[in-house]
Amino acid sequence: MPTTTWNRHHILSLADFTPTEYNAILQTTASFQEVLSRRTKKVPTLQGQVVANLFFEPSTRTRSSFELAAKRLSADTLNFASATSSMTKGETILDTAKTYLAMGCDIMVIRHTCAGVPNAIATEMDRLGERVSVLNAGDGQHEHPSQALLDLFTICSIIDPVNPRLELLKDKKIAIVGDILHSRVARSNIWSLTASGAELHLAAPPTLLPKLFADYVNDSGVSELNGKRKLFIHWRLEDALRDADFVMTLRLQKERMTAHLLPSLREYHQMFGITRAKLDWCKPNVKVLHPGPVNRGVEISSDLMDDPEFSLIQSQVTSGVAVRMALLYLIGSGKAV
Amino acid sequence: MPTTTWNRHHILSLADFTPTEYNAILQTTASFQEVLSRRTKKVPTLQGQVVANLFFEPSTRTRSSFELAAKRLSADTLNFASATSSMTKGETILDTAKTYLAMGCDIMVIRHTCAGVPNAIATEMDRLGERVSVLNAGDGQHEHPSQALLDLFTICSIIDPVNPRLELLKDKKIAIVGDILHSRVARSNIWSLTASGAELHLAAPPTLLPKLFADYVNDSGVSELNGKRKLFIHWRLEDALRDADFVMTLRLQKERMTAHLLPSLREYHQMFGITRAKLDWCKPNVKVLHPGPVNRGVEISSDLMDDPEFSLIQSQVTSGVAVRMALLYLIGSGKAV
Amino acid sequence: MPTTTWNRHHILSLADFTPTEYNAILQTTASFQEVLSRRTKKVPTLQGQVVANLFFEPSTRTRSSFELAAKRLSADTLNFASATSSMTKGETILDTAKTYLAMGCDIMVIRHTCAGVPNAIATEMDRLGERVSVLNAGDGQHEHPSQALLDLFTICSIIDPVNPRLELLKDKKIAIVGDILHSRVARSNIWSLTASGAELHLAAPPTLLPKLFADYVNDSGVSELNGKRKLFIHWRLEDALRDADFVMTLRLQKERMTAHLLPSLREYHQMFGITRAKLDWCKPNVKVLHPGPVNRGVEISSDLMDDPEFSLIQSQVTSGVAVRMALLYLIGSGKAV
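Heads up: the sequence lines are chains A, B and C, in that order. Sequential numbering of the first sequence, starting at 1, is according to my numbering. Sequential numbering of the second sequence, starting at 338, is according to my numbering. Sequential numbering of the third sequence, starting at 675, is according to my numbering.
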């Protein structure tokens, strides 16, 4: 592992991440990608430590990814799923967290349908003067830092597999397409990708854009929110995709339909679904990302999703384990000292 | 680990536990508390052994506590939850247990809504001449031995952290408050705490006291059930709390309300909920315990629960892992010989 | 472990298994049975490899058996149960499998209610040029290879515990009784047992026989389907049981009743349930098997099930872990090269 100075105790949001921190994660992840290419994909780093996956919102892929990352670092894991929990017995979320703290957990990976829950738990853990770290695995429509970090790693390591680093994104054009309004993935990606110096273009139907952003859109349908961070909002997909190096599509929850935010899935696909034809607007070697699970034929056409020339979707999942190993490692071995 | 002679094969009930056995558990638990304070909280004692958590009644905290205890002893664990089991396929509980026996499990940790299930399984395992141990993790309204043992350890180690032992409780006054009638925790605690020579005072509304006990209550609302074991029953909280060294509150199942055993949660809290004001009746350095999960503002006031000067609730959870390590160790390494 | 040449990458069906392959599995299983008789029942063979149990159909015993087998080979395990999965989020089964592939799983153990799903996943994994192996843990009414292999091992090791091998079954008479129509267990057993040179007799009410088979039944109620493979179909239990060395009963799903395939469980038991009286038709030292879970008093009488002189049901469960260790070992260490 590279020697990095890592001081952050919890990972809750990317809002205040520094370039140094991004680079520490990218570099550590690259080391773990190398470990994962060996025959024995396991290291003893976190032996004897306990990683508790507290998933108050059901999840299979993110939970499995964190569980596997923890096991490959030789940590013990505990899984908590709210369905079978004492949440139904009237206990508060903080009390549940304190119980796992008292049991001796070292790292809590927390997912919850409400924004702010991981922050609240981290604050309480700190108040108790304890050494437990909290890792936000998705909270409501707030943030999903590990997803954005694996997106960042996937993109950077396409550009330079040997030495992925934040600076590689300078002046790249990246489009995020789809349900920005409800996406914690987008919210985290906006922080990391604008921090990299990339030009970030969001495209969505007006009903799926945050009001804050929508208001900024000017007559030509474009807006620069911030002088330093290059963030642009579009209502027309073509404007966002023009000359893009990377296109990130977002999952569309089918319940948006019944909430009358969308006319039909078919119309959505026609206007905002990514297809080979629409990729013609982008740079020739454009790559497509999606956080998964994908609604084939809605956010992206089925054949494009499976085309390794364009799709990075499988690489994202693979990077996910390595990024989460890096996060657990940086947090957990900080504790070691 | 201290060298103790341990002969008990199953842990089903505390009814016939001897002071020697209690002290073996207290002493072994203290050793594991020390292990848990090290950086690497794991010992190889039960490597290659399999601990199966057969939870026919849902539970998160007890199951997690046993799972963590097993993993810290390097055992492999299997989790069984009845919801996804073949119980719905018409198999008997004994057949399920025999299946796990045949798979080669070494220790079965069993929770069931019906009293006596762990005993029945243990009897069947013995009949088959097998070396599997059964650990009762709560059966109906019968017993919950590991909870009572962690309560015992928590109390003893407050009095003497270096050498917690049964004798420390001699002449201490301990109150158990709340739904005694439905509490397997109380039933186990009655055995362990009266065995210690402590004076045990139970307080509950008449509808939440076992009929057997209620009949014993004399005109002044007090009863000594047994000449040797000092057990007293009270209908008035103040009588139970007067000069108490420890107050143990019990969880109140909210379904007791709908069963017309209680007028309202608010009235219950006013009469039997533990608050700072009511602690004035106790000794000045009184400590409060609760098996969790707590209904804040019902069994205990929210601020008191969080006050480390009085509340031992977090210590109980921490002791829980160490006590369960001790139980698995004493049972499992007995097997080793 | 014996040195065997093993080339099969997936285990999906027994249809094309060779005697050499059967014997490799029997021999490897015998070695693991020996490991399981030691104090430390664990070997480091698959350390660092990941076995994912993808159970799209709920199961406790088969999943636990595979999980334990994997852990005893020191593999890391991931459990996936469809209830909490993103299947409900619109992802296809192949996409789910590809996600676990991308996470770096080495072996996928797959159960699904639809026949052919493990094959489809294996084909997709091969198409992606990947090194992941697929193990069919039961697919619809198609096959359940590991169950048939544990049945084979159980039978062979009764005849020669030291050197169980396929040839031991030559000229033995084996009866399979019950719901052949819906049984993936029977379908796998038909392949393995006829491959052994045993005479295989199927007995079931006409409504629970595959149409293909039923048509072959001649006037005397007997049919030889295949010149080389000795397979006979009977409508009368007595004809199947006469002089049998082994009787395998199949689980009867109670929902067959409501589908009007059976008059009543009681009548079924009277006609096809195995009892001591009916065993008089068999060879004196006949043994009875059942894949479990058993409906006591339906497929088999309760006392017979528990009689170790006749019942091999517990041995089957024990063999199950060793057979699954053998399968994971043969597949997994093939990968090692």
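C-beta: ideal position from N, C-alpha, C; glycine also.
Is there a Cβ from chain C that is less than 8 Å from the Cβ of A:GLU255?
-> no
Quick one: list the residues of chain B neighbouring A:ALA102, beta-carbon separation under 7 Å, in chain order.
-> GLN651, VAL654 and THR655
Please work out which residues of its chain come closer than 6 Å, Cβ to Cβ, to B:ILE492, disregarding the five sequence neighbours upstream and downstream, and give them in chain order.
-> PHE583
Rounded to the nearest angstrom, how far is the Cβ of B:ALA474 from that of B:ILE447, given a contact under 8 Å?
-> 6 Å
Bridge partners of B:ALA512, per DSSP?
-> B:HIS538 and B:VAL584
Cβ-based contacts, 7 Å cut-off: residues of the stretch 394-422 of chain B near chain A = PRO395, THR397, ARG398, SER401, SER402, GLU404, LEU405, LYS408 and ALA418
If you check the beta carbons only, do A:ALA277 and A:LYS173 fall under 8 Å apart?
-> no
Spell out whether any CB of chain A is found under 8 Å from the CB atom of C:GLY722.
-> yes
Any heavy atom of the ligand FMN closer than 7 Å to the Cβ of A:SER157?
-> Looking for the ligand FMN in the displayed structure turns up nothing, as the structure carries no ligands at all.
State the Cα-Cα distance for the pair B:LYS507 and B:GLY534, rounded to the nearest angstrom.
-> 5 Å
Can you name the start and end residues of the beta strand (DSSP E) that A:LEU279 belongs to?
-> From DSSP, A:LEU279 is part of no beta strand (DSSP E) but of the alpha helix (DSSP H) over 276-279.
Three-pair Cβ contact test at 8 Å for the stretch 658-672 of chain B versus the stretch 634-644 of chain B = no
The beta strand (DSSP E) spanning A:LYS71 covers which residue range?
-> Premise fails: A:LYS71 lies in the alpha helix (DSSP H), 61-72, not in any beta strand (DSSP E).
In whole angstroms, what separates the C-alpha of B:ALA596 from that of B:TYR437?
-> 37 Å
First through last residue of the alpha helix (DSSP H) which encompasses B:THR460 = 454-464
Do the stretch 402-412 of chain B and the stretch 684-704 of chain C make contact, defined as three or more Cβ pairs closer than 8 Å?
-> no
Does the distance from the C-beta atom of A:ALA186 to that of A:LEU250 stay below 8 Å?
-> yes
Could you name the residues of the same chain whose beta carbon sits closer than 6 Å to that of A:SER315, not counting the 5 residues immediately before and after it, in chain order?
-> THR154
Using a Cβ cut-off of 8 Å, pull out every chain C residue sitting near B:THR429, in sequence order please.
-> ARG970
Tell me where the beta strand (DSSP E) around A:SER133 begins and ends.
-> 133-139
Go ahead and label A:ASN7 buried or exposed: buried means 16 or more other beta carbons lie within 10 angstroms of its beta carbon, across all protein chains shown.
-> exposed
Are the beta-carbon atoms belonging to C:PHE906 and C:HIS875 less than 8 Å from one another?
-> yes
Report the partner residues of B:HIS479 according to the DSSP bridge assignment.
-> Paired residues: none, contrary to the question.
Secondary structure at C:HIS943, three-state DSSP: helix, strand or coil?
-> helix
Helix, strand or coil for A:ASP219, going by three-state DSSP, please let me know.
-> With a pLDDT of 46 at A:ASP219, under the threshold of 50, the predicted position of this residue should be treated as unreliable, and no value is reported.
Would you mind reading off the limits of the beta strand (DSSP E) that contains C:PHE754?
-> 750-755
Please check the pair A:PHE17 and A:SER192, which I expect to be a contact at CB under 8 Å, by giving their CB distance rounded to whole angstroms.
-> 7 Å
Flag B:THR436 as yes if its beta-carbon sits less than 8 Å from any beta-carbon of chain C, otherwise no.
-> yes
Within the 8 Å Cβ cut-off, does B:ASP432 reach chain C?
-> yes
Could you tell me the boundaries of the beta strand (DSSP E) in which B:ARG524 lies?
-> That residue, B:ARG524, is in no beta strand (DSSP E); its alpha helix (DSSP H) goes 521-532.
N- and C-terminal bounds of the alpha helix (DSSP H) containing A:ILE93 | 93-103
Straight-line Cα distance separating B:ARG593 from B:VAL559 | With a pLDDT of only 46 at B:VAL559, under the threshold of 50, the placement of this residue in the model should not be trusted, and no figure is reported.
The stretch 617-635 of chain B touching the stretch 376-383 of chain B, judged by at least three CB pairs closer than 8 Å = no
Could you give the residue range of the alpha helix (DSSP H) that holds A:LEU36?
-> 19-36
Cβ separation of B:PHE393 and B:THR450, assumed to be a contact under 8 Å, to the nearest whole Å = 7 Å
Would you grab the beta carbon distance between B:ASN526 and B:ASP476 for me? Rounded to a whole angstrom, and I think it's under 8 Å.
-> With a Cβ gap of about 15 Å, B:ASN526 and B:ASP476 do not count as contacting.
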